[in-house]
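Student: The structure that follows is given in the form of structure tokens.
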Amino acid sequence: MSMRDLESLVEMGGYALYVWSAFAMCAAAALWDAVLLRHRRRLAQEDLDDHLGRSDAGGKEGHDGA
Amino acid sequence: MNRAMAESTGRGAPAASPGPAPRPLPLGARCDAWAARVLPWCVATCALSLTGGLVLALVAAPQDFLHGDAYRIVFAHAPASASSVALYVALVASAMAVVALSGELPAMMARAIAPVGALMAFLSLWTGAMGARAMRGLWLEWDARNLAEGVMLTVCITATALYMLLDAPRRADRAAAWLVLASVPVLALPVVLDRLWRVGPAPHAGVAPPPPADASVVWALALMHLAFLTWSLASVLHRLRTVLIERALGAAAVRDAAPSGRG
């Protein structure tokens, strides 16, 4: 097992563009996936809560009116 | 969330209603509870294995005797490919269950798996293109593996589009399931043809065998595979929970739209 210095790590033996763009795309995909998923889930949960809240309120109003 | 799902699907027992015996939670709520329990473990395993795998892959692993540092792309490419294949197999299994059993849960699983499969297939093609360019000077070799990845990407994107575009969920589920099942022979064709064409001496026959891989390379590959697989699982489970909420919302909307028999 060999360790390497920072400069050679960044340069990647002249292949930095390809190596780092491959790993950067994976990182971007993970970030995009997490953010999009969290946003979609929050929207769905808010919609469901709103809907159930409206249904409960409507039911109560109906019973009160009757 | 469980309460909302149980109420909206209308199959579970409301907590406040007095009854002789508590009925079990509906399938959706049970599934959601199970996914909520497993998700943190997946995320923790993914974070730990990714950290260890990246350190080993980028810092500790020695240069390749032939390709120098360019071979390090493999540490992203191989796990992405393996994850995309695993997800495609799971998608085919879900599609078979949808067609054969018409179950609700396999359909929701397929909805959760398809976007993650598309993401992994895209990552496999992207990292494959980078690796091919760095090591062989061309962007993509359309060999059997890349063709299969291309087919998987197309199928997963098309299935996701069907889920998004078709209004009737059942129709969308069945259409996507048939699409996935129809893609299996299309995907198998390049692999089978590749096997047939490769009959004869092995590609490395007569060439000196490469030196055995360093232990750090093996561990880096194993950890990166674990990281990508747990990432995929976490993403699928998170999506499944979202799909459950969306289904519950749809069921609640349908129930409210239907004329009440109590008036």
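So the sequences go chain by chain: A and B.
Once you know that position 29 of the first sequence is 29 in our numbering, the rest is easy, because the numbers rise by one and skip nothing.
Numbers given in our numbering equal positions in the second sequence, counted from 1, plus 1000.
Cβ coordinates follow ideal geometry from the N, Cα and C atoms, glycine included.
What does A:G53 reach in chain B if we use C-beta pairs closer than 7 angstroms?
Tutor: In chain order: nothing, as chain B lies at least about 10 angstroms away.
Student: Tell me B:D1064's beta-bridge partners as DSSP assigns them.
Tutor: Looking at the DSSP assignment, B:D1064 forms a beta bridge with B:G1068.
Student: Rounding to the nearest angstrom, what Cα-Cα distance links B:L1221 and B:A1070 in this structure?
Tutor: Near 15 angstroms, if we compare the C-alpha coordinates of B:A1070 and B:L1221.
Student: Suppose you measure from the CA of B:T1127 to the CA of B:V1184; what does that come to, to the nearest Å?
Tutor: Computed Cα separation, rounded: 24 angstroms.
Student: Please check if any C-beta of chain B sits within less than 7 angstroms of the C-beta of A:E46.
Tutor: It does not: the Cβ of A:E46 has no partner Cβ on chain B nearer than 7 angstroms.
Student: Can you give me the start and stop residues for the alpha helix (DSSP H) that B:W1231 sits inside?
Tutor: Where B:W1231 is concerned, the enclosing alpha helix (DSSP H) stretches over A1215 to A1257.
Student: Is there at least one Cβ from chain A nearer than 7 angstroms to B:A1252's Cβ?
Tutor: Yes, B:A1252 counts as interfacial toward chain A.
Student: Rounding to the nearest angstrom, what Cα-Cα distance links A:R38 and B:F1065 in this structure?
Tutor: Going from the Cα of A:R38 to the Cα of B:F1065 covers about 43 angstroms.
Student: Under the three-state reduction of DSSP, which class applies to A:E7: helix, strand or coil?
Tutor: It is helical.
Student: In chain order, which continuous runs of the alpha helix (DSSP H) of length 4 or greater are located wholly inside the segment 1110-1173 of chain B?
Tutor: Correct list: 1144-1165.
Student: At the level of alpha carbons, what is the spacing between B:V1186 and B:R1174?
Tutor: One C-alpha to the other measures close to 19 angstroms.
Student: Between the beta-carbon of B:M1109 and the beta-carbon of B:S1084, is there less than 7 angstroms?
Tutor: Contact flag unset, no.
Student: For B:S1124, which residues of its own chain have a beta-carbon under 7 angstroms away from its beta-carbon, when the five flanking residues on both sides are left out?
Tutor: Within the same chain, B:S1124 has close Cβ partners H1077, A1080, S1081, S1084 and E1149.
Student: In the structure shown, what three-state DSSP assignment does B:P1212 receive?
Tutor: Looking at B:P1212 - three-state DSSP - the assignment turns out to be coil, as it is neither helix nor strand.
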